[in-house]
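Visitor: Please find one structure pasted underneath; my questions will follow.
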Amino acid sequence: MARRVGGVVAVTVAAFLAMAAAAAMAQAPSPAATPSGPPNVTAILEKGGQYTTFIRLMKETQQDTQLNSQLNNSFNGNGYTVFAPTDNAFNNLKPGTLNSLTQQQQVALVQGHVLPQFYTMDSFQTASNPVRTQASGTDGPYTLNITATTNSNVNVSSGVVEVTVTNALSAVKPLAVYSVDKVLLPFELFGVKTAPAPTSQTKPKKGGASEAAAGPAGSEGAEPTGAASARAVGWGVAGLAAVLGCLL
Ligand SMILES: *[C@@H]1O[C@H](CO)[C@@H](O)[C@H](O)[C@H]1NC(C)=O
Ligand SMILES: *[C@@H]1O[C@H](CO)[C@@H](O)[C@H](O)[C@H]1NC(C)=O
Ligand SMILES: *[C@@H]1O[C@H](CO)[C@@H](O)[C@H](O)[C@H]1NC(C)=O
Ligand SMILES: *[C@@H]1O[C@H](CO)[C@@H](O)[C@H](O)[C@H]1NC(C)=O
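Quick look at the structure:
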């Protein structure tokens, strides 16, 4: 009798120990998965593995430390959202695009990819446009438009570039990081500000091959034309002022 009770106790204890061990193993990964301290945008991007250019640009413009310290100081209780262009996105830019920017414009380019608001994929759907970014110029903050697409993704537009957002690298308040496969060139830096060149230049010509060869040269020629017409407008205004000056 006593031996049988002892056996039952031993089996019960063994089962309890096995359950406890299983529970401990199940719980073990979770402390490692929830990092202590504020989120680190650089660490998230490094883990993503295809953002070396954006990481370098953030470092060079000190926007990595800026954002990390803002995240740590809960500088902005609304959190932040980062659109991180892939290395491929930067490779697809026209050669020299980044080098053509001043240091200040590079800061604005990076800040134009950061929103002072935490968005989940769901809250993007109800974002009220235009959404302000961290970048700003003389005309106020640079903005983006976020619109829902049919398959519950969203499109983000800078006015120059539109990209579809599907993939969150991380979205734990206060920081969301989304991968984008195009650089969101800000309208303020890359938008067309002068009047478009006369349409007569883009009229189709006969002879396919020679036309294709002439294409780039023709579009390069569009810039001076735009500048010239801007100057012409300038003279017109000056002339009007002179006329008004005579009348007064
Ligand atoms: C963020 O992560 C990067 C890369 O892992 C690291 O070099 C940096 O020291 C971290 N910054 C902070 C504030 O923890
Ligand atoms: C966050 O801020 C606290 C208080 O200022 C500081 O002690 C800590 O080192 C900071 N942590 C990081 C990762 O920067
Ligand atoms: C956002 O949409 C508004 C209204 O359609 C438009 O006027 C504005 O230019 C757009 N801005 C950007 C950055 O695309
Ligand atoms: C979203 O952006 C993609 C890529 O630029 C474009 O092809 C598509 O037409 C856009 N969709 C909507 C609904 O605007």
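In terms of this note's numbering, the sequence shown opens at residue 5 and continues consecutively. Idealized CB from N, CA, C, for every residue including glycine.
Expressed to the nearest angstrom, what Euclidean distance is found between the alpha-carbon atoms of Gln129 and Gly163?
Guide: CA-CA distance, Gln129 to Gly163, rounds to 19 Å.
Visitor: Could you tell me whether the region 61-74 touches the region 41-49, using the rule of 3 or more Cβ pairs below 8 Å?
Guide: yes
Visitor: Going by Cα to Cα distance, which pick from Ser78, Phe191 and Thr90 is closest to Gly53?
Guide: Thr90
Visitor: Does the region 64-84 touch the region 164-171, meaning 3 or more C-beta pairs lie closer than 8 Å?
Guide: no
Visitor: Taking the straight line between their C-alpha atoms, what separation do you get for Val196 and Gly41?
Guide: 43 Å
Visitor: Would the beta-carbon of Asn159 be found less than 8 Å away from any heavy atom of ligand 1?
Guide: no
Visitor: Answer yes or no: does any C-beta atom of chain C fall closer than 9 Å to that of Gly100?
Guide: Reference to chain C is not applicable here, since this structure consists of a single protein chain.
Visitor: Can Tyr182 and Ala112 be called in contact, C-beta distance under 9 Å?
Guide: no
Visitor: What residue range is occupied by the uninterrupted alpha helix (DSSP H) comprising Asn95?
Guide: Asp91 to Asn95
Visitor: Based on DSSP bridge pairs, tell me the residues matched to Val184.
Guide: Pro89
Visitor: Using a Cβ-Cβ cutoff of less than 7 Å, which residues in the same chain neighbour Tyr123 once the five nearest sequence positions on both sides are dropped?
Guide: Thr85, Ala131 and Ala180
Visitor: Taking 9 Å as the cut-off, decide whether the C-beta atoms of Val158 and Thr168 are in contact.
Guide: yes
Visitor: Can you give me the start and stop residues for the alpha helix (DSSP H) that Gln74 sits inside?
Guide: Element bounds for Gln74: Gln67 to Asn76.
Visitor: Using CA coordinates, which residue listed in Phe191, Ser174, Glu192 and Lys186 is at the minimum distance from Glu50?
Guide: Ser174
Visitor: Please classify Pro99: is it buried, with 16 or more other beta-carbons within 10 angstroms of its beta-carbon, or exposed?
Guide: exposed
Visitor: Is Pro42 near ligand 2, with its Cβ less than 8 Å from a heavy atom?
Guide: yes
Visitor: Using the C-alpha atoms, what's the distance from Gln108 back to Phe58?
Guide: 16 Å
Visitor: Is Gly116 buried or exposed, if buried means 16 or more other CB atoms sit within 10 Å of its CB?
Guide: Buried: at least 16 other Cβ atoms inside 10 Å.
Visitor: Which one of Lys177, Asn80, Phe94 and Arg136 has the shortest CA to CA distance from Asn149?
Guide: In terms of Cα proximity to Asn149, the closest of Lys177, Asn80, Phe94 and Arg136 is Arg136.
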